[in-house]
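Before any comments, here is the structure.
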Amino acid sequence: ESVSCIHGMRVFSMLWTIMVHTYLQTFGISENKYQKVLTEQSFFYQIIGNANYAVDTFFYLSGFLVTLLFLRTAEKASNKKPTVTADATKVFLLYLYRFLRLTPAYFVALLISEVSFKDTYNHSVFPSGLADHLTCPSHWWRNMLYIQNWFPFPELCMIWSWYLANDMQFYIWAIIILVLSK
Numbered sequence: 001e002s003v004s005c006i007h008g009m010r011v012f013s014m015l016w017t018i019m020v021h022t023y024l025q026t027f028g029i030s031e032n033k034y035q036k037v038l039t040e041q042s043f044f045y046q047i048i049g050n051a052n053y054a055v056d057t058f059f060y061l062s063g064f065l066v067t068l069l070f071l072r073t074a075e076k077a078s079n080k081k082p083t084v085t086a087d088a089t090k091v092f093l094l095y096l097y098r099f100l101r102l103t104p105a106y107f108v109a110l111l112i113s114e115v116s117f118k119d120t121y122n123h124s125v126f127p128s129g130l131a132d133h134l135t136c137p138s139h140w141w142r143n144m145l146y147i148q149n150w151f152p153f154p155e156l157c158m159i160w161s162w163y164l165a166n167d168m169q170f171y172i173w174a175i176i177i178l179v180l181s182k
């Protein structure tokens, strides 16, 4: 009934992700490049070098929870006679619910990012590797449709939001596969 172990996986994966991003940001502006080379040869650097597994854990958890929710919902509705219209409506409502749950906060983040990057890009001591202030005015709509990862890297708006697009696309495919396997 309960899958509370997921919370532990979330915590460890989140801490891992934060640690890696902190490390990568710090060494990006570091003066001591020799120390960076030495650090990357250390055994403990494997924690940093293999951080993609932290992100994979989040994809796994998302898929697991979508499947669990779908199966629990299907079990409750098993006594009702399934129809194509009812199933299509349920699928549409699942997509709509997720879209409405994620998109408003995502849009606010996009607005804040756009406003703040325009200002900080011109006044920062450190060079920015991101060109969001150039790409977002023309390509923001891709983010709102969760399709920005289908386009070339130089055209991306809010590069770090690739995860949301992938997760949304995995969600869409997961529901389709679960409905077809029913």
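With the first letter of the sequence shown counted as 1, position 164 gets the number 164 in full-length UniProt numbering; the numbers rise by one all the way through.
Quick reminder that beta carbons are idealized off the backbone N, C-alpha and C, glycines included.
Problem - At least 3 beta-carbon pairs within less than 8 Å: the segment 171–179 vs the segment 100–115 - result: no
Exercise for the section: Measure the CB-CB distance between M9 and T39 and report whether it falls below 7 Å. Expected result: no
Practice task
Output the distance between the C-alpha atoms of D132 and C5, rounded to the nearest integer angstrom.
Solution key: Each residue's alpha carbon lies about 37 Å from the other.
Handout entry: Per-residue burial, A54 [other beta carbons within 10 Å of its own, 16 or more giving buried]
Key = Counting every other CB atom within 10 Å of its CB across the protein chains shown gives A54 a total of 16 or more, marking it as buried.
Exercise for the section: Kindly indicate which residue of M168, M144 and T135 has the alpha-carbon position closest to the one of E155. Expected result: T135
Problem - Assigned exposure category for V168 - 16 Cβ within 10 Å defines buried - result: The sequence given here places Met at residue 168; Val does not occur at that position. Label assigned to M168: buried.
Practice task
Tell me, to the nearest whole angstrom, how far the beta carbon of F59 is from that of F170; I am working on the premise that it is less than 8 Å.
Solution key: 6 Å
Handout entry: DSSP-derived helix/strand/coil call for A105
Key = helix
Exercise for the section: Could you spell out where the alpha helix (DSSP H) holding A51 opens and where it closes? Expected result: Counting along the chain, A51 falls outside any alpha helix (DSSP H), and DSSP gives it neither H nor E.
Problem - For E40, the first and last residue of its enclosing alpha helix (DSSP H) - result: Segment K33 to E40, the alpha helix (DSSP H) holding E40.
Practice task
Consider the C-beta atom of F151 and the heavy atoms of the ligand ZN; say whether any pair is separated by less than 6 Å.
Solution key: Questions concerning the ligand ZN fall outside what the structure shown contains, since it holds no ligand whatsoever.
Exercise for the section: Label Q25 either buried or exposed according to how many other C-beta atoms from any shown protein chain fall within 10 Å of its C-beta, with 16 as the threshold for buried. Expected result: exposed
Problem - CB of A51 within 7 Å of CB of V3, strictly - result: no
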